[in-house]
Amino acid sequence: MFSFCADPKSLEGFSWLFCYLTSGKHIDFYWSFLTVLILLAVTAPSALLFGFGGAMAARSHVAPLRWFGKTYTAMVRGVPDIVFFMFFVIALDQGIEWMKHQIVCPDWKEPIRQGLEFRVCPQAKVPLGTSSQIWHQLYGFALAVFTFALVFGAFAANVLYGAMNAVPKAQLETAESYGMSHGQVFRRILVPQMWTYALPGLSNLWMILIKATPLLFLLGVKDIVYWARELGSAKTQAYAYPHPDWRLWYFLFLLVAYLCMTRLSEIVLNRLSARLNHGQATAAGEAMRRAAQ
Amino acid sequence: MTCLETIQAYAFRSLGFGENLLPRTDFNLCQQFTLIGSGLIWNIYFGVIALSLGFCLATGLAMAKASGRKWLRKPAEWFIFVFRGSPLFIQFFLAYSALVMLPRAGIDLFGLHIATSWLTSAWAGAAFVLFLNTSAYAAEIFYGALMSVPKGDLEAAEAYGLTGWDKFRRIQWPTMLRLAWPAYTNEAIFLFHATTLVFFSGFPAFQQRGDALYYANYFADKTFNPFVPYPIVAFYFILLTFTLITIFGLVNKRLNRHLPSNTRSKIRLRPQLIR
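Heads up: the protein sequence lines correspond to chains A and B, in order.
Mind the numbering: the first sequence is residues 156 to 448 in the numbering used here, read in order.
Mind the numbering: the second sequence is residues -17 to 257 in the numbering used here, read in order.
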């Protein structure tokens, strides 16, 4: 990257370390933090959306929709989430290819499951075998995001369902007595008020989401864990920067990075909860009122 | 191979007994059920070891965090923060790469030879990490319960002349356990779920002796069909979860036996997934 780093073998001490930490692979490592942040930024709203849909379905008056919502929220309890992560990614991948196969090659005669193999016609591969590496990576990332959103959506649905039930009944009845329709009560009274009840659960979920991001590595995305393993392993003299096994230091760095992330979100979420509790008819709101007096 | 023979060959495969080669062709349901069930032995082992040791450390940590002395409180707070604030996944990786760095041949300390190579195997290293991790989570739960022990109970204990250790053993500790138990049940359930991470993260499976998810992944890779092995793992874990809820429910009943039936706390499953 820098001109004086052209011959790493001749460097020593601090300049060696500087050149080492700015090598091309390290730059990739730093970028992979962005991958994690993008995953968080994309997953959190979509999981909230899934959760909102699930909670609304679980409250629905239509029985099949209600069953669907309840099953969705009950799904992830009882089963280790990592099983879902392993399962969904393969199942989704195969499902998408199967559907595309039905559309693209309707006159394909051979069976798709040939004994131990899953074979669709070459045109139905997603992404196509001929497309560039970046598309394969993006597709993998999109699958991962969808899986995360689905699993965390179920948990968010659980939290939001509880929060919707926690809004005082009297408020909803008052709104109805003013002649508001179901939709109006939902939009104007229920949704604005439920957040204060939902926040503790949602902030817990956010912390869990942060701590779940290393699972990206298991899904085959080149994330920070991948790079830490790659860069930390022992390098022989054949490499530009030979060094012994330094994985310990790389993982220590990741640990500290995660601790910073969780600590920072803790502080932000505490502020947010103080804001939401302001003037609410809850224990926390009452405590704030007392403290202000 | 009939199903009975399969069970004889693979029921304890995860511990290294029975057939050495894993099935390679002609996979059937019986093999998958047996082998994944055999892997579950590891999950139960990790869960039981970590929970039983973690319970003691967690009590100590909760006491330390509630203590007025700074030199006791600060280390406990930091321990809890580090283990709760970072992913278990990274903790496994970190522990493995740290344990690998110990000298292979062992350490000679004052003429005493200490072997170190066993620490890098999953049964010791991963169990140790899980133990520390669950201690931190349980300590936070116990600390919360310790803080909500009714003030009147403590004052009454002092009025009867109970102080120090006696007060703790007869009043504080039982009440803390009773208040913490529903949350602790949850922690136990999710600890068992977390044991599936062991062979998926740092610790390698020695001679293909892995846990339930390790074998499920083996079958999914070989058959390209995730729709059989993963639901089997799910099935086993749901069974395990129900067993745990039953056992912890019995303990909960005993802890609450002196209370009128309408004020007892019930155990309810709350979601909290990865750590």
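For each residue, glycine too, the CB sits at the ideal point set by N, CA and C.
Here the structure is a predicted model, which means the values were calculated and not measured.
- request: From the DSSP output, in three-state form, read off Lys390 (chain A) for me.
  value: strand
- request: Compute the Euclidean distance between the alpha carbons of Glu140 (chain B) and Gly146 (chain B), then round it to the nearest angstrom.
  value: 10 Å
Beta-carbon proximity list for Ser201 (chain A), same chain, < 6 Å, skipping 5 on both sides: Ala304
query: Under 8 Å, do Thr177 (chain B) and Asp203 (chain B) count as touching if we go by C-beta distance?
result: no
message: Tell me which residues share the same chain as Leu197 (chain B) and place their Cβ nearer than 6 Å to its Cβ, disregarding the 5 neighbours each side in the sequence.
response: The sequence given here places Tyr at residue 197 (chain B); Leu does not occur at that position. These residues qualify, in order along the chain: Leu17, Ile18 and Gly21.
message: Does any residue of chain C have a CB that is nearer than 8 Å to the CB of Ile72 (chain B)?
response: Looking for chain C here will not work: the only protein chains present are A and B.
task: Compute the distance between the beta-carbons of Gly126 (chain B) and Thr417 (chain A), then report whether it is under 8 Å.
output: no
query: Using the C-alpha atoms, what's the distance from Tyr413 (chain A) back to Ile365 (chain A)?
result: 8 Å
- prompt: From which residue to which residue does the alpha helix (DSSP H) around Asp135 (chain B) run?
  reply: Lys133 to Ala141
field: Length of the line joining the Cα atoms of Lys47 (chain B) and Phe124 (chain B)
entry: 10 Å
message: Any heavy atom of the ligand COA inside 7 Å of the beta-carbon of Glu(-13) (chain B)?
response: Inclusion of the ligand COA in the displayed structure is not the case, the ligand content being empty and no account of it being possible.
- request: Please say whether Leu179 (chain B) and Phe113 (chain B) have beta carbons closer to each other than 8 Å?
  value: no
message: Against chain A, which members of the region 32 to 64 of chain B pass a CB distance test of less than 8 Å?
response: Phe63 and Val64
- prompt: Who pairs with His398 (chain A) in a beta bridge, going by DSSP?
  reply: A:Lys390
query: Residues of chain A with a CB under 9 Å from the CB of Met158 (chain B): which are they?
result: Under the 9 Å cutoff, chain A gives no residues; its nearest Cβ is about 22 Å from Met158 (chain B).
message: Assuming Leu179 (chain B) is part of the alpha helix (DSSP H), what are its boundary residues?
response: Run containing Leu179 (chain B): none; DSSP gives neither H nor E here.
field: the region 180 to 203 of chain B: positions lying closer than 7 Å to chain A by Cβ
entry: Phe182, Leu195, Asn199 and Ala202
- request: Below 7 Å CB to CB, which residues in the same chain sit around Val281 (chain A) once its five sequence neighbours on both sides are set aside?
  value: Ile251, Glu252, Lys255 and Tyr294
- request: Reducing DSSP to helix, strand and coil, say where Arg334 (chain B) ends up.
  value: Absent from the structure is residue 334 (chain B), since the part of chain B shown begins at -17 and ends at 257.
query: Looking only at C-alpha atoms, which of A:Thr368, A:Arg384 and A:Ala213 sits nearest to Tyr316 (chain A)?
result: A:Ala213
message: What does the Cβ neighbour count give for Gln254 (chain B), buried or exposed, with the cut at 16 atoms within 10 Å?
response: Interpretation of Gln254 (chain B) is limited by its pLDDT of 46, a score under 50 that renders its predicted location unreliable; no figure is taken from the coordinates.
Thr205 (chain B) versus Met158 (chain B) - alpha carbon distance: 50 Å
Given 8 Å, three or more beta-carbon pairs between the region 54 to 64 of chain B and the region 340 to 355 of chain A: no
field: Supposed contact pair Leu373 (chain A) and Phe209 (chain B) - C-beta distance, whole angstroms, cut 8 Å
entry: Not a contact, Cβ separation roughly 19 Å.
query: In whole angstroms, what is the alpha-carbon distance linking Val376 (chain A) and Val306 (chain A)?
result: 18 Å
query: Listing by chain order, which chain A residues have their CB less than 8 Å from the CB of Thr178 (chain B)?
result: Pro235, Ile237 and Val238
message: My parser needs the alpha helix (DSSP H) runs of 4 or more residues fully inside the region 406 to 447 of chain A; what are they?
response: 438 to 447
message: Give me, in chain order, the residues of the same chain whose beta-carbon lies closer than 7 Å to that of Ile26 (chain B); leave out the 5 immediate sequence neighbours on both sides.
response: none
Integer Cβ distance of Ala330 (chain A) from Val340 (chain A), believed to fall under 8 Å: 5 Å
field: Assigned exposure category for Tyr142 (chain B) - 16 Cβ within 10 Å defines buried
entry: exposed
- prompt: In the region 188 to 261 of chain A, which residue ranges form an unbroken alpha helix (DSSP H) of at least 4 residues, counting only runs that do not cross its ends?
  reply: 218 to 230 and 236 to 259
task: Kindly list, in the order they appear in chain B, the residues whose Cβ is closer than 7 Å to that of Thr417 (chain A).
output: Gly67
- request: Return no unless some Cβ of chain B is closer than 8 Å to the Cβ of Arg214 (chain A).
  value: no
- request: Kindly list, in the order they appear in chain A, the residues whose Cβ is closer than 7 Å to that of Pro208 (chain B).
  value: Phe242, Ile245 and Ala246
task: Quick one: list the residues of chain A neighbouring Met(-1) (chain B), beta-carbon separation under 9 Å, in chain order.
output: This sequence places Phe at residue -1 (chain B); Met is not what is there. Those do not exist, as Phe(-1) (chain B) stays about 26 Å from chain A at its closest Cβ, beyond 9 Å.
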